[in-house]
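Be aware that the sequence shown starts at 33, since it is given in the numbering used here, and climbs by one per residue.
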Amino acid sequence: MIKMVPQNIPRLSAIQLDGTVLAFTILVSLGTGIFFGMVPAWQASQVDLNSTLKTGMRTGSGGEHRARLRNTLVMGEIALALVLLVCAGLLIQSFARLDRVQPGLQPDRLLTASVQVPAAAYPKNENTIAFYDRFLERVRFLPGVQSASLIIPLPLSGGNMTTDFDIEEYPQPEGHRATAPARIIGTDYFKTAGIPVREGRAFDEREQLSSAPVVIVNERFAQKYFPGQDVVGKRIKPGFAADETGDKMREIVGVVGNVKHLSLKNEDSPEMYLPRTQIPFNIMSLVVRTNVSGPSTITAAIRKELAGIDPAIPLRSVRVFEEYISRSLARPRFNALLLSIFAGSALVLTAIGIYGVMAYSVAQRTNEIGIRIALGAAQSNIFRLVIGQAMALVAISVVVGLAGAFAATRLLNSMLFGVGAWDPVTFVVIVLLISLVAFLAAWLPARRAANVDPITALRAE
């Protein structure tokens, strides 16, 4: 279970199975058994022998108040199982739908890594740009490399940059400007990542420090701020993207597809892309599209090329991009799995509880059942009698459990994706599942009751 916990959970390293945990578990288990065993033991010690001998051992040992207590405990068990199963069902559906979400790029055969240029060794923008130009040129010529580029921050890595901006046609005063995430990218990034260019063009060699400032936006940006207009050629002014001439206005030269940068759960948001050759960053993420089945096999070659330029700069955080997708799904997957384990355990205990109560009830009513059969009751009637008793418990439990489930699922709302907290299909399926389990659990005691030999039952009494 600990191995399945997502790595991004705080203080995960402090969680471990040791002697203290085992001792606590054993003590709680023993304490629970002793505590809940005290009530039946006390009740057994209070039996009135005279009334027991008068009414018969079977009847005397199972008074109505004890039967009600047993039924109440089982109904509570069923209601709790229903709540857990509904919550687990919603989380499983949510995870399944989240797993089908397309990130907006092609993750297969995509290798990523982090490179940081020390500012002391590369003090000028031109130095940083030249370093990354040389590095990309070497990587692109490696065997197995289809294309390579740079970006900061990398999608689904947890990093984000946001800037305010102005639209040339609709200037806004300070403090009232819109904001949008910004990505700094190199040439061929959209080709490497598999992001479609919808309008205009991608960045190329024309984008330099001294060239006209440009920007690329995503489809959501175009739809929100330029609805029904030709976006290419419009100009915006990102707050942190001034060029050396002081002119902050940047011409939109292209529109690309939407990408899930922050989370697969998030709705598509307006975003902009800026060329790294106009806004140099010391730290960048390398993105490499390979034509080999195992992208990580070229890692050593990339490290060698990097060392050939500057041995002091390490290649960090080398991962295939699918790992970032898996990490973004890790917590929803774990939540669904953990609650499913609890719900499954509760369902098994519910089945055992229903079977135990019904079997005990049949044993206590053997004399009554024998009399009914002796008076002409059909086996099917006896079978329905026992099943009906079990389903009556389920009916009451379902009402209570549904009320609890409606309350519990409201707390899950922020964890769900693509499914409502009160999804009717989930509730109906879980109620049917509980009913089926209850029927199967009561089936054996019901069959045993239907096959009671009246002569044997009466003789035993």
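Backbone N, C-alpha and C define an ideal beta-carbon position, used for all residues, glycine too.
Note that the structure is predicted; figures quoted are calculated from it, not measured.
Q) Going by the beta-carbon positions, is the gap between Ser317 and Ile184 smaller than 8 Å? A) yes
(Q) For the region 299 to 309 against the region 104 to 118, do three or more pairs of beta-carbon atoms, one drawn from each stretch, fall closer than 8 Å, so that the two count as touching? (A) no
**Q.** Cβ-Cβ distance between Tyr470 and Ile414 below 8 Å
**A.** The question names Tyr, but residue 470 in the sequence shown is Ala. No, these two residues do not count as a Cβ contact at 8 Å.
Q.
What does the Cβ neighbour count give for Asp198, buried or exposed, with the cut at 16 atoms within 10 Å?
A. buried
**Q.** Bridge partners - Ala145, DSSP secondary structure assignment
**A.** Leu318
Q: Taking the CB atoms as reference points, tell me whether Val106 and Gly385 lie closer together than 8 Å.
A: yes
(Q) Is it buried or exposed, Asp220, if we count other Cβ atoms within 10 angstroms and call 16 or more buried? (A) buried
Q: For Ala151, count neighbouring C-beta atoms within 10 Å of its own C-beta (all shown protein chains included) and say buried if the count is 16 or more, exposed if not.
A: exposed
Q) Where Glu237 and Asp131 are concerned, what is the direct C-alpha to C-alpha distance, given to the nearest angstrom? A) 37 Å
(Q) So, for Thr52: in the same chain, excluding its five sequence neighbours on each side, which residues have a beta-carbon less than 8 Å away from its beta-carbon? (A) none
Q. Which value, in whole angstroms, describes the spacing of the CA atoms of Arg267 and Gly376?
A. 57 Å
Q. DSSP state of Arg170, grouped into three classes?
A. helix
**Q.** Three-state secondary structure (DSSP) of Asn250
**A.** strand
(Q) According to DSSP, is Gln396 part of a helix, a strand, or is it coil? (A) helix
Q: Check the DSSP bridge columns for Glu283 and list the partner residues they point to.
A: Val246, Arg267
Q | Per-residue DSSP class, three states only, for Thr195 | A | strand
Q: Can you tell me which of Gly450, Phe253, Asp485, Pro312 puts its alpha carbon nearest to the alpha carbon of Phe272?
A: Pro312
Q: Report yes if the C-beta distance between Gly289 and Ala234 is below 8 Å; otherwise report no.
A: no
Q: Can you say whether Ala225 is buried or exposed, counting buried as having 16 or more other CB atoms within 10 angstroms of its CB?
A: buried
(Q) For Lys494, count the other beta carbons within 10 Å of its own beta carbon; 16 or more makes it buried, fewer makes it exposed. Which is it? (A) In the structure as shown, the chain begins at 33 and stops at 493. Residue 494 is therefore absent and cannot be evaluated.
(Q) Within 10 Å of its beta-carbon, does Leu468 have 16 or more other beta-carbons around it, so buried, or fewer, so exposed? (A) exposed
Q: Pull up the distance between the alpha-carbon of Leu62 and that of Phe374, whole angstroms please.
A: 20 Å
**Q.** Contact belief for Thr458 with Gln138 at Cβ below 8 Å, rounded distance in angstroms
**A.** That pair is no contact at about 33 Å.
Q. In chain order, which alpha helix (DSSP H) runs of at least 4 residues are fully inside the region 351 to 438?
A. 353 to 396, 398 to 406
Q. Counting along the chain, where does the beta strand (DSSP E) carrying Glu231 start and finish?
A. 229 to 232
Q | Cβ-Cβ separation, Val147 to Leu338 (assumed contact under 8 Å), whole Å | A | 7 Å
Q: Please classify Met70: is it buried, with 16 or more other beta-carbons within 10 angstroms of its beta-carbon, or exposed?
A: exposed
Q.
Could you give the first and the last residue of the continuous beta strand (DSSP E) run that contains Ser181?
A. 177 to 184
Q.
By DSSP's criteria, Thr211 is part of a beta bridge. Which residues make up the other side?
A. Asp196
Q. What separation, rounded to the nearest whole angstrom, lies between the Cα atoms of Phe449 and Asp300?
A. 14 Å
Q: Between the Cα of Lys269 and those of Gly436, Ile345, Val246, Val263, spot the shortest distance and give me the residue it belongs to.
A: Val246
Q: List the residues that DSSP assigns as beta-bridge partners of Tyr202.
A: Ile199
Q) Could you give the residue range of the beta strand (DSSP E) that holds Tyr221? A) That residue, Tyr221, is in no beta strand (DSSP E); its alpha helix (DSSP H) goes 221 to 225.
Q | Beta-carbon contacts of Gly340 that lie in its chain and below 8 Å, excluding the five residues immediately before and after | A | Arg170
Q. Can you round the beta-carbon distance between Arg321 and Arg172 to whole angstroms, since I take them to be within the 8 Å contact cut?
A. Not really, about 10 Å apart at Cβ, beyond 8 Å.
Q: Identify every residue that forms a DSSP beta bridge with Pro307.
A: Ile217
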